[in-house]
Every structure is written in C-alpha cells, then in structure tokens.
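Under numbering that gives the first Met the number 0, think of the first position of the sequence shown as 0, with each following residue one higher. Each residue gets a CB set at the ideal place from its N, CA and C atoms; glycine is no exception. Please read the structure below before turning to the comments.
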Amino acid sequence: MTGPAGEYPDLEVGHPKEWAVGVPGIVHSMEPALAKMGVSRTTRLALAINQRDGFDCMSCAWPDPAHRNVLEFCENGMKATTWEATPITVPRSFWAENSLTSLLYRSEHWLGQQGRLTEPVHKPAGSDHYEPIAWDAAFALIAQRLDALDSPDRAAFYTSGRASNEAAFLYQLFVRAFGTNNLPDCSNMCHESTGTALTSTIGVGKSTIAYDDFAKADLVIVMGQNPGTNHPRMLTALEETKRNGGRVVSVNVLPEAGLVRYKNPQRVRGILGKGTVIADRFLQIRSGGDMALLQAVSKRVLDAEDAAPGTVLDHGFLAEHTIGLDALRAHLAELDESAVLAATGLTADEIDGLAADYLAADRVIITWAMGLTQHKKGVATIKEIVNLLLLRGNIGRPGAGASPIRGHSNVQGDRTMGIWERMPERFLAALEREFGFPVPRRHGADALQTVHGLRDGDIDVFVALGGNFVGAISDTAAAEAAMRGAKLTVQVSTKLNRSHVVTGEEAIILPTLGRTEIDVQAGVPQFVSVEDSVCAVHASHGAIPPVAPGLLSEVAIVCRLAAATLEGRADVPWSAFEEDYDLIRDRISRVVPGFESYNVDVRRKGGFVLPNGPRDERRFDTASGRAEFTVSALEHLERPPGRLILQTLRSHDQFNTTIYSLDDRYRGIRKGRDVVFVHPDDLAELGLADGDRVDVISEWPGQADRILPDQRVVAYPTARGCTAAYYPEANVLVPLESAAEESNTPVSKAVIVRLERRS
Ligand SMILES: Nc1nc2c(c(=O)[nH]1)N[C@H]1C(S)=C(S)[C@@H](COP(=O)(O)OP(=O)(O)OC[C@H]3O[C@@H](n4cnc5c(=O)[nH]c(N)nc54)[C@H](O)[C@@H]3O)O[C@H]1N2
Ligand SMILES: Nc1nc2c(c(=O)[nH]1)N[C@H]1C(S)=C(S)[C@@H](COP(=O)(O)OP(=O)(O)OC[C@H]3O[C@@H](n4cnc5c(=O)[nH]c(N)nc54)[C@H](O)[C@@H]3O)O[C@H]1N2
Ligand SMILES: [Mo]
C-alpha cells in the first residue's frame, strides 16, 4: 500500500512486525555508517561503544553488563553513534546561503542531515542570517547580555541529558554563581513524574535495582515502555529473566515488537532461530488506565491475604519499614471494579491473571518509561507501583525492585550533579561550603515554566546545553512564539535542529565535541563520566579524532562562558578546570554524596555504583523515615463521544527530535512520518477507513483548536479509543496547559483529539 500526498509522497504502509532486533537490525545499523565513514572509522567506533576504555553510548541510559560482548551495542546505538560521528560538516557558506526564514520550512530530518556544526555563529538582532563569530567574541557577547539583565532570574539555562557529569556540574555551578536556579532540563518532560513519586514514597528518585537483578527476577512487569526500539539491550536482560525461569508481562496500549519476540544478535540461537518470546502475558490497556490496574492488583493481593492470613504479605518488612498500609487497605476495600474495567479496558480475568503472576512470584521487578510518566496522573500511577511492590517486600532484595528506565544516556547523572531547578537544601549548602559564594535558594523555573516565562516577558535570555527545546516541549506553536520573545538564545550543540532556527531577537550557536570524539586539553587526553539507569557511574573516552579543528568540549565552553560572565565574581578556577577534568571531579567528590573518591573509583574497571538506601539497606529517607504507602483517588480520562485519546511516541528510526530515517520498521511504516494509528473498530465507528487523509485536531476547553494537518490513517491494533502519532511532529497538539499533577510534565501521552477527513 502506498499513500499519496503531503510531505512524504512515497509513504508505504505494511504490516507491523512481531519480532525485534536480530541480525537484520545490526546490518541495517552499519550500512549508513560504512557508506559515510569508511571501514576503519566505523570499526574503531563499533569496537569502542560501551567498552571499558571506550565511550558510553548516547542512545539511552540502559546499563552495561559486567560481561561485555565484543560489540556491546544495538542497532539504535549504532545509529546514534554514526549520526554524531559523520564526517559531514556544515560549511561556512551555509549561513549566507540559508536565511533563517528559509530554514523554517526544513524538517528536523533535513536539518540533522546537514552535518556537524564546526564554528560559532551569531545572528544579530534584526538579521535573517547567522554569521561566523570568533569564540571569544561570542563569549563576551553572551556575558554582556547576561550582565545587562535586571535580575539573574531573567535568564534560563536548559540542559539535555547528554551532558557529562563534569560538564553538568560546572554548568549548574556557573548558573548558581550567576545567581539563579532557573535550570530546566529534558527530565522535566521525561521522568520527572518518576522522581517526584519515588522521592516522596521511598526517599530516592532512582531505580532500586542492580543490573543483574533481571536475571534473578521471577517476574518483570514492563509498563508503558517500548524497549525493542528505545532500550534494545534491555531485551537481552529480559531474555535472561526468561532463561532462568522468570516471566515477563507487558502492559501497553500497543503490541510493541520487541516484547512479542526477540532475536538476540549476540547469540547464534538468536541469529538462526525463531528468537525468544519475551512477554508471557500482554495486557493491552487503555491509555492512562495503569493507576486503576495497579490498584486492582493490589486489592487482589490484599484479598488473598485475607483468605489465607499470614501467607501473602511480607509482614516483617511491612512492620519494620513501611507506614500507611491501613489507609491503603481501607481505600482499596472501596475500589469500584466497574470503574477499573472502564479505565483499563481489560477484563476481570486479565487482571486476575496479572495478580496471579504477582502472587506466584517471590521476586518482582516493575519497569516503566514514558507510557506512565507523561500522563496527568503519572505521579499517582508510579506511587501505585510502589504500593504494589511494598506489599510483598519487593524492594531492597535481590531480583526485586522499582526500575524506571531512563531516556537520555546521562539524564540521571545530570540530576545527581545538580541540574534541577529545585535541588534540595543539603546540595545547595554543600555547594556553598565548597565554593564560598552565596548560592540562591529560591526555586527556579522548570521546562514548562520557562516557556511561560519567555511568553510573559519574565525571561529574556535562554541558554541550552544541548537538546532541542522548542522541538521537544509541548505546544510547538506556543513554544516557538515564546522563544521568539527572548532577547538572546544560545545553543551549545553538535548538530542543527529546530531550536537553532526559531530564535530570540539575537542568537548564538556554539558547536561542541561529541562523546565519540577524543578530547585533548593542554596536551592530555581527558575522559568524562556518566551515570546509567541503575546508578552505575563510569568513564567515557572518545574514540575518534574531532570532526574539525578548533571545536571546544562542553566543559571548555562552560568554563569560558563562566569566566567571561562572572569575571572573578566567584572564586572558581575555571581555566584550571578546563585543562584538567580530574580537578572538576575532585570538587564534585566534596559536594555530591557517593562520589567521595571519584577520581579513584571512576578509573576502576567498570566504574562504581552509587549508594542507594532502599536497594542496599532498606533505608528510606522519606519524611517518616519509612517507605510510605499512599492513597490516590481513582481517576481516568473520559473520552468524549467521537473523540480519541492520542499518544505521541517514537518511531524506530529516531532519537527524540533527531530523525535518522523516515522508516518505522517494526510498525510497518516506510518513507514517511505523517501517519496516525487507529483501531479498525474505531475507524468504522468514526466513518473512516485505512488510507484516508485526515486533520488531527486537539481540543482543550476554552481554547482554539490545535491542528496537525494531513495525516494518513493507518488501521492498527492499538487499544480501542486510543490513537498514536509521532513525536515531535505531533507536539503541536499537546496543550501547554496540559501537565501532570505535581511533576508538571507535559501530558504527551493523552491528548483528546478528533479526526476530520480532508475533502
Ligand atoms: N532509539 C531510541 N532510543 C531512545 C529514544 C529515542 O527516541 N530513540 N529516546 C530516549 C528517551 S529520552 C526516552 S525517555 C526513552 C523513551 O522510551 P519509551 O517510553 O519506550 O518511548 P515512547 O516511544 O514514548 O513509548 C512509550 C510507550 O508507552 C506506551 N504507552 C503510551 N501510553 C500508555 C499508557 O497509558 N499505559 C501504558 N501501559 N502504556 C502506554 C506506548 O504504546 C509506547 O510503547 O527512550 C530513550 N531511548
Ligand atoms: N510530544 C512529546 N514530546 C516529548 C516526548 C514525547 O514522548 N512526546 N518526550 C520527551 C522526552 S522523554 C525528552 S527526554 C525530551 C528530549 O528533549 P531534548 O533532550 O531537548 O531533545 P533531543 O532531541 O534529545 O536533542 C537533540 C539535539 O541535541 C544536540 N546534541 C546531541 N548530542 C549532543 C552533545 O553531545 N552535546 C550537545 N551539546 N548537544 C548535543 C543536537 O543538536 C540534537 O539536535 O523530549 C520530550 N518531548
Ligand atoms: Mo526522555
């Protein structure tokens, strides 16, 4: 089937795949690399990804096993690596040839394909072109604009999760020395709901498991996550769960390929055989129904205990380490089963089945990602995960725990290093003690508040250490209008994206080294370090020469910007830090708990694992000093008649706003992205058919419609009433006002839409 029209005239729609990865995946991943980089550069890269003396793969925050394969990467890791390591660069003539107005009509895919950025450029106020600028002039200009602000709070400093620990620590140090906590980051749009829920219930906003716990688990419940595309190496861990007799359950709106069947490319059986069936049970839940499902399972666990007192719950653990069970018990006693069925779209049998799996398992891990966090009730849903795990003591022992799977490769480390608009007092006080300048205490702006600040004229300068803020945040039109209100926007980036094109009055791009590249300072090769999803910190060494001479590392850029802006206002040795990253780590070791002997530990084989109260000693640093059961009133999104609930998600060939190709192999889509996936019965009900072209229109009370025009309808086995389209194109549909309670994360997985056939 081939679709007509639109931006993608060659769009092809086939059948979704059942299995993931395997040799076609790896071969597919090497082709573009080989074509662009030649065999020797490609081989050097492939042999260095995720190896002990190599670099940390940028594609996700999945941890590395103790035993590493010779090629310890996945198809998508190789894509991310090649995307960065391409020898193609943006030529100087590009800026004169392309006005910003003309670039507005280019897709993210096209922008990324222009190659690596190699020299700083400046767009003067009133001009429609960037033009080259010397590094020192660029730093002086930014410093001057920052200095001219009435208050440091009139600037915001965004971070995307690729920044290393060293760069992130210096960046927040600079920003706080400048005088603000305006440190929004990509995590605000990602796992903020996780951090909020876990910190309040178990005292730490991170995973409570170690890598090898997957091999020890009897049951892994994968909720709202598509590992086949977004964390492919996780499938190897799930395969181990299964090999050791464990079960895997997937709770998802979609039947995602990798969870159905997986062919491990690292094993002969995976190459030749039919692969492993990963999910023993698949619960195809309605969007946002997870809170109800988890409450229903917890209720069944409590009922089982009532039927056979003393045999089901972990009474010793509950008595010693938790509070609040009685309130939960009372709440669940009143649980309305019909509301649960309506919210989940599941049958009582399906829920009984999951409860039976949970009760039969001695050791249970629950993992999750964006399918839970990007909902209005995301925080409450994750608190229900904690409730369920606590009932049978599934936290703080081998093979059991809560395991949020992070997105960006160092998003967790950046938070540990202080990238957060609301860092706790103990961190701020330690920073103040170590550096001796007054650290601001007033909470800063998160990602959505930054858009509001820009829109309302409260923020004038926007600086981004990586990422693609206007491409990634919700409500693209509103975000872009807000960004245009800035006086100055600054992007520290490897490649072009939408955020370079939609700018403030004045704009600067500072190109930077990527993680694949060798970083030499004062004649000595430096390394950086990162923290993965299971709190393991390890070194990352560049493997190939920089794509162009004169590129600065992120650390160097932050140091020079700080030195130019602060002009000795804080007693921080910026140029010494730039020359020797060990000096940065020495200071981190005096500020951040767990890093006391950073420079020694990070040089150990495989790095080191940060202490974690719940995991290591069942210590819960909450308000009560115990793990806290919580009670949340059941709520789910009602779908008005004739409407669908839209989720915005990733294709197989993209990394966030970076589009590698126009294919989504596992979902049967080729050469286009202008699709909207709809259940066949919903299509019939709406009077639409597969292949129709529609406008997708989002509705928010009291506001004008938001429109994603001209999408091809694809009949797809999604849950009834739920539809899906690709992020970031569909971000235009997500209202700025639609944010998760408590975490303020954009609700990217539940937008009420209607589909209108184009005439
Ligand atoms: N190749 C590649 N790797 C990546 C990324 C990438 O873009 N490309 N991005 C990285 C980043 S930053 C992140 S955060 C992660 C994202 O990793 P994921 O969270 O896996 O990414 P999404 O594509 O947003 O997929 C969301 C999943 O949740 C399901 N879902 C949606 N709504 C619900 C719901 O209400 N309930 C349930 N149970 N399921 C639901 C969707 O069907 C989908 O399978 O991946 C990281 N890794
Ligand atoms: N609708 C919708 N919106 C979403 C999501 C969703 O599921 N749906 N997901 C959200 C999530 S989970 C996330 S994490 C955010 C992602 O938000 P961001 O992290 O802001 O976005 P990315 O697309 O990952 O950023 C890509 C850009 O980073 C730059 N870059 C790449 N590598 C480097 C590097 O090493 N150094 C520097 N300085 N720059 C580099 C390149 O210029 C590249 O264009 O988006 C969020 N937005
Ligand atoms: Mo993310």
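Inclusion of Arg-405 in the 8 Å shell around ligand 3 follows from its C-beta lying nearer than that to a non-hydrogen atom of the ligand. The beta carbon of Phe-93 is closer than 8 Å to those of Gln-113 in its chain, skipping five residues each way along the sequence. For ligand 2, a non-hydrogen atom lies closer than 8 Å to the CB of Asn-496. Contact between Lys-78 and Cys-534 does not hold, since the beta-carbon distance rounds to 26 Å and is not under 8 Å. DSSP places Cys-558 inside the alpha helix (DSSP H), whose first and last residues are 553-565. Shortest gap from the CB of Gly-395 to any heavy atom of ligand 2: 8 Å or more. Ligand 3 approaches Met-369 closely enough that one of its heavy atoms is under 8 Å from the residue's Cβ.
For Asn-730, the distance from the CB to the nearest heavy atom of ligand 3 is not below 8 Å. Scanning the region 99-171 from its first residue to its last, the whole alpha helix (DSSP H) runs of 4-plus residues come out as 99-102, 107-112 and 134-146.
Shown here, Leu-317 sits in a helix according to DSSP, grouped into three states.
Taking C-beta atoms under 8 Å as the contact rule, Tyr-665 and Gly-227 qualify, at a distance of about 6 Å. As computed with DSSP, Glu-424 is found in no beta bridge at all. Classified as exposed, Tyr-104 has fewer than 16 neighbouring CB atoms from the shown chains inside 10 Å of its CB. Asn-655 is not a Cβ neighbour of Pro-545, given a cutoff of 9 Å. If you check the CB distance, Leu-645 and Ala-724 come in under 9 Å. In the structure shown, the three-state DSSP call for Arg-405 is coil. Asn-251: not part of any alpha helix (DSSP H); member of the beta strand (DSSP E) spanning 246-251, first to last residue. Counting C-beta pairs with one atom in each stretch, the region 384-404 and the region 138-157 have fewer than three that are closer than 8 Å, which means they do not touch.
Look at Pro-745: its beta carbon is less than 8 Å from one of the heavy atoms in ligand 2. Between Glu-130 and Val-120, the gap from beta carbon to beta carbon is short of 9 Å. Residue side-chain check: Asn-187 keeps its Cβ at 8 Å or more from all non-hydrogen atoms of ligand 3.
Only residues of its own chain outside the window of five on either side were considered, and among them Ser-588 have a CB closer than 8 Å to the CB of Glu-595, listed in chain order. For Glu-698, there is no enclosing alpha helix (DSSP H), since its DSSP letter is neither H nor E. Here Val-608 carries a strand assignment [DSSP, helix/strand/coil]. Contact annotation, Glu-74 with Lys-670: C-beta distance approximately 18 Å; criterion of less than 8 Å not satisfied.
In the three-state DSSP reduction, Trp-419 falls in the coil class, being neither helix nor strand. Contact annotation, Val-536 with Ser-528: C-beta distance approximately 6 Å; criterion of less than 8 Å satisfied. DSSP places Glu-740 in the coil class of the three-state scheme, outside both helix and strand. Ala-256 and Asp-445 have their C-alpha atoms roughly 34 Å apart. In its chain, beyond the 5 residues on either side, Leu-645, Ser-697, Leu-732 and Val-733 have a beta carbon closer than 6 Å to the beta carbon of Val-750. In this structure, Ser-574 and Ala-562 form a Cβ contact; the two beta carbons are roughly 7 Å apart against a cut-off of 8 Å.
In the three-state scheme derived from DSSP, where H, G and I count as helix and E and B as strand, Ala-547 is classed as coil. Nearest in C-alpha terms to Ala-739, of all of Leu-390, Met-188 and Lys-298, is Met-188.
Sixteen is the threshold: since fewer than 16 other Cβ atoms of the shown chains lie within 10 Å of the Cβ of His-314, the residue is exposed. Counting C-beta atoms within 10 angstroms of its own C-beta, Thr-41 has 16 or more neighbours from the protein chains shown and is therefore classed as buried. Taking 9 Å as the cut-off, the beta carbon of Gly-377 is found closer than this to the beta carbon of Thr-744.
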